[in-house]
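Worksheet: one structure, shown below.
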Amino acid sequence: MTFKLSRAACSLTLTLGAALCAGVAHAQSPAELARAANIPHPAVIAHRGASFDAPESTRASYLTARDLGADYLEMDLQRTKDGVLIALHDENLQRTTDIATRFPERKDKPVSEFTLAELKQLDAGSWFNSAYPDRARPKFKGLQVQTLDEIIDIAEGSPQHKPGLYMETKVPGLFPGIEHDLKLKLEQRGWLTAGGEVAPGKRIILQTFEKPSLQLLAKEMPKVPKILLLWVGEGSITPASNQTFAQSGEKDKAAWYARQQPKDKAAFEQWVDFAKAQGAVGTGPSAALTQGGDQSYMDLVQPWMNRYTHDKGLLVHAYTVDDPVDYKKVMDAGVDGIFTNRAAQLLQFYGRPAKRSVGELLTQEGY
Ligand code: G3P
Ligand code: CA
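According to the numbering used here, the sequence shown is numbered sequentially starting from 226.
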């Protein structure tokens, strides 16, 4: 546990003898750790916006997450050829845009091969209508890739609720210096003070899967809360087995992921210790989901793992959970916040439901 000296207990102890005082301490609970870092507890982190209800990482998705009252808008930052920070999860644009018809000869190229003007020509909404006809809306067609500036405008744009920004440096090796660029943008937009603090009234968390990027984020923005994302496999926590999914002969990837474990306790603890040493406020572990599916990964929210992390004075934000059965499971295991595509549902689970339905909010925003 993290210990801080209790002033009241110390005064009492002083009457008994100063020498005893040094031994009087109490653990900071996870809720106290969160309060000290200005992080809601438990936290609702809208994963790529309200991405169950609208195309991920688009204006519709982030507006809906904001209007629902999510604590944070989550995004994966990448950088265009002309140096603009944008939100996109995948390493190319094929799954979530019409790049294959718009720029067929470059369809598998990374974001860094496109200017912002080119990216803005893409339709980042129609794929959702095809993939999820029951949630489709005609107005999703033609939604655009969003810049960080545009997402900041959304975060600042409602008098009712101002969510924080939960920003991941995605594949940072492809974008050298992105940590510095991010600092400059946050300064320019007034989210960081001249002294490098998060500006009053704002909330920021920086996140990455990669140790070198965490080190750079810590160097650039030492006073901004940071989370080290956890995974088992190459470049992350050393696995118990080196057998790949393909070698396993398994058909169900979620079932295979669920069997993946850290090599031993030390392999897990080493990543938590690294996060602590870099001044992070917590970790972001994966979760194995009851129904499986393509977001079900390794179970890195086992109670002993969360206890170890809390004992180091760090918080735990689990990704990516969309089912009340799993909200309960991971909360019972001790996590302090959840990345979800279904912010409306998680807010309901936490007992702070949105005043209006997703449908009403989307319609109100013109979708
Ligand atoms: O950033 C937390 C969570 O989003 C990690 O998974 O792959 O969706 O970025 P991913
Ligand atoms: Ca992410």
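Note that the Cβ used here is the ideal one computed from N, Cα and C, for glycine as well. As the structure is a computational prediction, the values presented were derived from the model and not from experiment.
Count the other CB atoms, across all protein chains shown, that sit within 10 Å of the CB of residue i; report buried if there are 16 or more and exposed otherwise.
i, result
"Gly402", "exposed"
"Ser461", "buried"
"Val583", "buried"
"Asp551", "buried"
"Gly518", "exposed"
"Gly248", "Below a pLDDT of 50, predicted positions are generally treated as unreliable, and Gly248, at 44, falls in that range; no measurement from the model is reported."
"Ala491", "exposed"
"Lys580", "exposed"
"Pro358", "exposed"
"Asp215", "The question about residue 215 has no answer, for the chain in this structure spans 226 to 592."
"Ala325", "exposed"
"Phe228", "Residue confidence for Phe228 is low, a pLDDT of 43 falling below 50, so the modelled location carries little weight; the figure read from the coordinates is stated next. With fewer than 16 Cβ atoms within 10 Å of its Cβ, Phe228 is classed as exposed."
"Ala243", "Residue placement at Ala243 cannot be trusted, given a pLDDT of 43 that sits under 50; the coordinates are not used to answer."
"Gln432", "buried"
"Asp524", "buried"
"Arg567", "buried"
"Asp307", "exposed"
"Glu330", "exposed"
"Ala279", "buried"
"Pro528", "exposed"
"Thr534", "buried"
"Leu347", "buried"
"Ser231", "Unreliable placement is indicated for Ser231, whose pLDDT of 39 sits below 50; the coordinate value is still reported in the next sentence. It counts as exposed."
"Glu299", "buried"
"Pro450", "buried"
"Ala295", "buried"
"Ser438", "buried"
"Thr469", "exposed"
"Gln520", "buried"
"Lys444", "exposed"
"Ala419", "exposed"
"Leu380", "Reading off the sequence, residue 380 comes out as Ala, not Leu. Buried."
"Arg477", "The amino acid occupying residue 477 in the given sequence is Asp; Arg does not appear at that position. The residue in question, Asp477, is exposed, as its Cβ has fewer than 16 Cβ neighbours within 10 Å."
"Ala569", "buried"
"Asp489", "exposed"
"Asp199", "Residue 199 falls outside the range modelled here, since the chain spans only 226 to 592, and no answer is possible."
"Thr321", "buried"
"Pro487", "buried"
Going by beta-carbon coordinates alone, are residue i and residue j separated by less than 8 Å?
i, j, result
"Thr545", "Phe564", "yes"
"Arg304", "Phe400", "yes"
"Thr508", "Ala502", "no"
"Gln371", "Ile311", "yes"
"Tyr287", "Ile270", "no"
"Leu586", "Leu293", "yes"
"Val555", "Ala262", "no"
"Arg577", "Gly559", "no"
"Glu375", "Arg284", "yes"
"Ile429", "Gly398", "no"
"Pro464", "Gln495", "no"
"Leu258", "Gly538", "yes"
"Gly350", "Phe365", "yes"
"Phe353", "Asp547", "no"
"Pro255", "Leu571", "no"
"Leu302", "Lys395", "yes"
"Leu344", "Glu404", "no"
"Val526", "Pro549", "no"
"Phe493", "Met530", "yes"
"Ala513", "Ala543", "no"
"Leu407", "Met392", "yes"
Rounded to the nearest angstrom, how far is the Cβ of residue i from that of residue j, given a contact under 8 Å?
i, j, result
"Arg273", "His386", "With 8 Å as the limit, Arg273 and His386 do not qualify as a contact, their Cβ atoms being about 18 Å apart."
"Ser282", "Leu313", "6 Å"
"Lys448", "Gly421", "5 Å"
"Ala275", "Thr289", "4 Å"
So, does the CB of residue i fall closer than 8 Å to a CB anywhere in chain B?
i, result
"Val541", "Among the chains of the structure shown, chain B does not appear; only one protein chain is present."
What are the complete alpha helix (DSSP H) segments, minimum 4 residues, inside the stretch 425–500?
Correct list: 436–445, 470–473 and 478–484.
In chain order, what residues place their C-beta within less than 5 Å of a heavy atom belonging to ligand 2?
Residues flagged by the Cβ proximity filter: Asp301 and Glu393.
To test your reading of the DSSP string, which unbroken alpha helix (DSSP H) runs of 4 or more residues are found completely within the stretch 512–585?
Listed in chain order, they are 528–536, 549–558 and 568–574.
What ranges does the alpha helix (DSSP H) occupy inside the stretch 246–275, keeping only unbroken runs of at least 4 residues that lie completely in it?
Correct list: 255–261.
Could I get the ranges of all uninterrupted alpha helix (DSSP H) runs contained in the stretch 299–381, with 4 residues as the minimum, in chain order?
Entirely contained in the stretch 299–381, the alpha helix (DSSP H) runs reaching 4 residues are, in chain order, 324–327, 341–344, 351–356 and 373–381.
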